[in-house]
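With positions in the sequence shown counted from 1, the corresponding number in the working numbering is that position plus 31.
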Amino acid sequence: MKLVAVTSCPSGVAHTYMSAEALKYAAKLYGVPIKVETQGLTGAENPLTLTEIQEADYVILTNDTVISGMERFKGKKAVRLPAQDIIDNAEIIISRLVERN
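Given below as structure tokens:
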């Protein structure tokens, strides 16, 4: 199983990076590879490649603000959640995706 994610928040600062770190930590606990693109004040960091997106079983997206490049995820299984929910519940989110796979 592989995951990719894009995190962003209205201010493009704290929640963007806190949710990214929470996902990386939870994925590591479950032994699941994940790559997280952050879209903050300075633009996209650690951008996802088309190959990474194609190989991913699920895409996790924050829904607090518009994410650039949404067309990249057309046809992918996606989970959209507020950044705060990801920060608070990353382990539960990852465990449920593992169970579904």
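Where a beta carbon is used, it is the ideal one built from N, C-alpha and C, also for glycine.
Here ALA87 carries a coil assignment [DSSP, helix/strand/coil]. Beta bridge pairing from DSSP links VAL35 with LYS66, VAL90. If you look at GLU76, you'll find it in the beta strand (DSSP E) that goes 74-76. A contact is defined here as three or more CB-CB pairs under 8 Å, and the segment 45-62 fails this definition with respect to the segment 97-104. If you draw a straight line from the Cα of ILE91 to the Cα of LYS33, it is about 11 Å long.
Cβ contact annotation for ILE125 (same chain, cutoff 7 Å, sequence separation greater than five): ALA57, ALA58, TYR61, VAL63, in chain order.
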